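Quick note, the sequences are listed as chains F and V, same order. My numbering puts the first residue of the first sequence at 162, with every later residue one more than the last. My numbering puts the first residue of the second sequence at 835, with every later residue one more than the last. For each residue, glycine too, the CB sits at the ideal point set by N, CA and C. Fair warning: this is a prediction, and the values are worked out from it, not measured in the lab. Take a look at the structure set out below.
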Amino acid sequence: MTTATVHPWLASLLAGHASVPARPHDWVNRLRSDALERAHALTLPTIRQEDWRFTDLSPLYQLAFRAAAPAAAPAGLGLEPVIAPEAGARLVFIDGQFVPALSILASDGVVATTLGAAFDAHGDLVRSQLAQLAPFADDAFRAINTAYLADGALVFVARDAVARSPVQLIFATTQADVATHPRCLVVAEQGSEVTVVEDYVGLQDGASCVNAVTEIAVGPNAHVRHVRRQRESSASFHIATCAVRLERDASYRAVAVAVGARISRYNLNVVQAGEGTSCQLDGLALIRDRQLADTHSFIDHAHPHGTSRQLHKCVVGGHAHAVFNGRIMVRPGAQRTDSAQASRNLLLSRRAHVDTKPQLEIFADDVKCAHGATVGQLEAEELFYLQSRGLGERVARGLLTYGFAAEIVDRIPVPSIVESLRRTVLHETQGEALA
Amino acid sequence: MIRADARILLEVRNLSARVAGIEILKGVSLTVRAGEVHAIMGPNGSGKSTFAKALVGHPAYEITSGAATFEGRNLFELAAEERARAGLFLGFQYPVEIPGVANAQFLRLAYNTIQAARGKDELDPLEFDDFVREKMQLLGMDPAFLDRSVNEGFSGGEKKRNEILQMALLEPKLAFLDETDSGLDIDALRVVANSVNRLITPDNAIVLVTHYQRLLNHILPDYVHVMDGGRIVKTGGKDLALELENRGYDWVAGEAAAA
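Printed below as a string of structure tokens:
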């Protein structure tokens, strides 16, 4: 390996690394320097790689990003609409910096704190989990994220503890031309339950780059619900990985909604690492103009009696482009796996475009796997039904588009977020008549 | 109720229509006056559902000849939504499910659209909630159906009640009820039929499209028409329905062929 081969964009992005202060914990510093070294050695994704065939990041590589200046004054940021009042704990990061004044920490049964604080208070726990589910050995963006690791969010739910209210993690970008590398670790111990809301929001109009990594370890018979909203500015780039590991009898239910960003890519990897686990991965991309939203999911059924459900929807207008790649692996021995996946796509304009690819790899013989993909326009029968009740065609189309998207939104277990996303969907689908 | 001096609501003359290139209606004529209840019966595939759908403006049905006026207006110059606003209604045989759209939201939107078209007041969500709950009570519908997505996961009977609920809200001048009785058990049928009976006034009219005579024990028709092969082949009073129940449809077709 020589540094001469490092992509200039990567070199420039990593140049800011020197400004990340060293931690008093050797293992953290070592993890970071390992990741930095790895980042220098890895190549950046291009459309020549199968996994990135439809998502061309070259516009990203043409932009220069700097490290964020210290976060602006919290007042007047416009963060209010993002806040879910139900949340009992909330961590707010602005341009990568933790903002205590806007946050509510928790430490009783459910721990919600910064990784920075957790390196001290929960050192062994964090050390044993961090970068385990989302290793950086062969992924440049994860390596960059880990190289920049300084702070982030830790949600820890102790054995048999039940979080009565959701934990909300907000990562807001308020400055143009900055790159941030949000990091979250969620650990739910045996028998515990928690709902985690992960929010990425752009509060400025310029280009920014958010490169996030989230790891979620779900212990035996623990249940994690996960809501993810991505509403970056329309000039921004959002690259994220979420890696989930389910121990025996654990469950994971997730709804991920992508509305923002010029180009977004969400990698969601779920490993069923014990018997009898279940997961439900629902997704919605609602994009227009020249946006691109890409979701790559991977469900790894490695043990018997696992179930997985996935409904991924894209509503694509303008010249926008949605990508869905849903890989499902059923390993030898993962008998009686029950898996169903559906990709449903609605094109609102002639220039809108969807690439959807279910990818089943089944190596066990006693399994039930169903998958299907549809790409199309609104159903004529549904339109007629509404028109026969007096609704004009434009209103009827708006209502059906709204309903198409709202079906996913309604699966979110936090009412205020359902309300807020319903309004977003309404706005995006021009269904004003319903307001 | 038959009154010779009642206003004509619907006048259909020699209507022919096709779907996917196949002629289904072959010259149907029908006059419906205010206050009347008509039943259109006939074997499967006779064209009775097509007749109703073509009149309310289903895009799959192409009118090839004939005329239809509603209160003197040429129906075929109106889009489906304009026909609804003019006072036509179709209770669907298979109501469409619309996931993601709450029933209350849909019902209020439809109600307010029709009200606005009539120059009447619209209702805000709270006012509408009171109003719709009252109507639901008459239909024996659980208010929980307001919060669920339109028809999604409703049983066959619940879907049909939801159709009649819409009829009760929109107060059409002429309602086609397409196989509203099929799939209902006798208790549900009674509730639905009683609700329909309550909606009948001297100023509106109902056309029941049905395969079974059973419904007509509960909603008494003034006229019974038998459709076969895309035509109305026989018209009579309510006794004709009983005769059809006892003798089947074949004799009517035979009689028509002999005529």
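With burial defined as no fewer than 16 other Cβ atoms inside 10 Å of the residue's Cβ, what is the status of residue i: buried or exposed?
{"i": "P493/F", "result": "exposed"}
{"i": "L1078/V", "result": "buried"}
{"i": "N1080/V", "result": "exposed"}
{"i": "N1038/V", "result": "buried"}
{"i": "P381/F", "result": "buried"}
{"i": "P185/F", "result": "exposed"}
{"i": "Q365/F", "result": "buried"}
{"i": "A298/F", "result": "exposed"}
{"i": "S219/F", "result": "exposed"}
{"i": "P1036/V", "result": "exposed"}
{"i": "G444/F", "result": "buried"}
{"i": "D1084/V", "result": "exposed"}
{"i": "I331/F", "result": "buried"}
{"i": "A179/F", "result": "exposed"}
{"i": "D256/F", "result": "buried"}
{"i": "G313/F", "result": "buried"}
{"i": "I610/F", "result": "No statement about residue 610/F is possible, as the shown extent of chain F runs from 162 to 596 and does not include it."}
{"i": "Q538/F", "result": "exposed"}
{"i": "L922/V", "result": "buried"}
{"i": "S883/V", "result": "buried"}
{"i": "P1006/V", "result": "buried"}
{"i": "D461/F", "result": "buried"}
{"i": "F524/F", "result": "exposed"}
Measure the alpha-carbon distance for residue i versus residue j and round it to whole angstroms.
{"i": "S581/F", "j": "P242/F", "result": "8 Å"}
{"i": "I448/F", "j": "A481/F", "result": "6 Å"}
{"i": "P877/V", "j": "I858/V", "result": "13 Å"}
{"i": "L595/F", "j": "T498/F", "result": "Any answer about L595/F is weak, because its pLDDT of 46 lies below 50 and its placement is not dependable; what the coordinates show is given next. Looking at the two C-alpha atoms, the distance is approximately 42 Å."}
{"i": "R867/V", "j": "K1068/V", "result": "19 Å"}
{"i": "G592/F", "j": "L238/F", "result": "Legend: pLDDT at G592/F = 47, less than 50; position of this residue unreliable, no value from coordinates given."}
{"i": "G479/F", "j": "D212/F", "result": "25 Å"}
{"i": "V167/F", "j": "A311/F", "result": "23 Å"}
{"i": "I569/F", "j": "R967/V", "result": "27 Å"}
{"i": "R505/F", "j": "Q1047/V", "result": "42 Å"}
{"i": "L849/V", "j": "E911/V", "result": "15 Å"}
{"i": "T585/F", "j": "P929/V", "result": "28 Å"}
{"i": "F940/V", "j": "L844/V", "result": "28 Å"}
{"i": "R555/F", "j": "A944/V", "result": "14 Å"}
{"i": "T164/F", "j": "H473/F", "result": "Model confidence at T164/F stands at a pLDDT of 46, short of 50, so the residue's coordinates are unreliable; what they give is reported in the following sentence. Cα to Cα, the separation comes out at about 40 Å."}
{"i": "A1087/V", "j": "M875/V", "result": "12 Å"}
{"i": "S397/F", "j": "A1002/V", "result": "51 Å"}
{"i": "D1021/V", "j": "N937/V", "result": "24 Å"}
{"i": "T402/F", "j": "M975/V", "result": "47 Å"}
{"i": "V566/F", "j": "V362/F", "result": "According to the sequence shown, residue 566/F is Ala rather than Val. Going from the Cα of A566/F to the Cα of V362/F covers about 20 Å."}
{"i": "L1054/V", "j": "T1044/V", "result": "13 Å"}
{"i": "V852/V", "j": "H892/V", "result": "This sequence places Arg at residue 852/V; Val is not what is there. Approximately 11 Å, taken between the alpha carbons."}
{"i": "R558/F", "j": "L544/F", "result": "7 Å"}
{"i": "A1091/V", "j": "F904/V", "result": "31 Å"}
{"i": "V515/F", "j": "A446/F", "result": "11 Å"}
Going by alpha carbons, who is nearest to residue i out of the options?
{"i": "Y427/F", "options": "A411/F, T438/F, A404/F", "result": "A404/F"}
{"i": "Q351/F", "options": "A319/F, R184/F, L266/F", "result": "A319/F"}
{"i": "V181/F", "options": "D217/F, S264/F, I305/F", "result": "I305/F"}
{"i": "A324/F", "options": "R251/F, T334/F, R572/F, L205/F", "result": "R251/F"}
{"i": "F226/F", "options": "R344/F, L407/F, A513/F, G367/F", "result": "G367/F"}
{"i": "L203/F", "options": "A308/F, A278/F, L276/F", "result": "A308/F"}
{"i": "R873/V", "options": "D976/V, G1082/V, V1086/V, G1070/V", "result": "Just to set this straight, residue 873/V is Ala in the shown sequence, not Arg. Looking at the Cα atoms, G1070/V is the closest of the given residues."}
{"i": "Q258/F", "options": "D269/F, A229/F, H399/F, V316/F", "result": "A229/F"}
{"i": "L561/F", "options": "A373/F, V347/F, L521/F, L507/F", "result": "L507/F"}
{"i": "S439/F", "options": "A422/F, G467/F, D455/F, A415/F", "result": "G467/F"}
{"i": "Y563/F", "options": "P933/V, L909/V, A920/V, V871/V", "result": "P933/V"}
{"i": "A886/V", "options": "S863/V, Q1000/V, G869/V, R907/V", "result": "S863/V"}
So residue i packs on residue j, CB below 8 Å; how close in whole Å?
{"i": "Q949/V", "j": "D955/V", "result": "6 Å"}
{"i": "V379/F", "j": "V388/F", "result": "Wrong, their Cβ atoms sit about 15 Å apart, outside the cutoff."}
{"i": "L1018/V", "j": "L1042/V", "result": "About 13 Å; that fails the 8 Å criterion."}
{"i": "G925/V", "j": "T1014/V", "result": "5 Å"}
{"i": "R406/F", "j": "V432/F", "result": "5 Å"}
{"i": "Q441/F", "j": "E376/F", "result": "No, Q441/F and E376/F are not in contact; Cβ-Cβ is about 19 Å, not under 8 Å."}
* Using a Cβ-Cβ cut-off of less than 8 Å, give me the residues of the segment 928-940 of chain V that come near chain B, in sequence order. => No chain B is present in this structure, whose protein chains are F and V.
* Could you run through the segment 881-902 of chain V and flag, in chain order, every residue whose CB is less than 8 Å away from some CB of chain F? => Going along the segment 881-902 of chain V in chain order, one finds V890, G891, H892, P893, A894 with a Cβ nearer than 8 Å to chain F.
* **Cβ-based contacts, 9 Å cut-off: residues of the segment 477-499 of chain F near chain V** => When C-beta distances to chain V are compared with 9 Å, every residue of the segment 477-499 of chain F stays at or above that value.
* **Contact set between the segment 999-1027 of chain V and chain F, restricted to residues whose Cβ is under 9 Å from the partner** => Of all residues in the segment 999-1027 of chain V, only Q1000, L1004 come within less than 9 Å of chain F when Cβ atoms are compared, listed by chain position.
* To do: Using a Cβ-Cβ cut-off of less than 9 Å, give me the residues of the segment 563-585 of chain F that come near chain V, in sequence order.
  => Close to chain V, meaning a Cβ-Cβ distance shorter than 9 Å, are the following residues of the segment 563-585 of chain F: Y563, G564, F565, A566, A567, E568, I569, V570, D571.
* Using a Cβ-Cβ cut-off of less than 9 Å, list which residues of the segment 538-565 of chain F approach chain V; keep chain order. => Within the segment 538-565 of chain F, the residues whose Cβ lies closer than 9 Å to some Cβ of chain V are E540, A541, E542, E543, L544, F545, Y546, L547, Q548, S549, R550, G551, L552, G553, E554, V556, A557, L560, L561, Y563, G564, F565, listed in chain order.
* Asked: Of all the residues that make up the segment 841-858 of chain V, which are near chain F by a beta-carbon distance shorter than 8 Å?
  -> Answer set for the segment 841-858 of chain V: empty.
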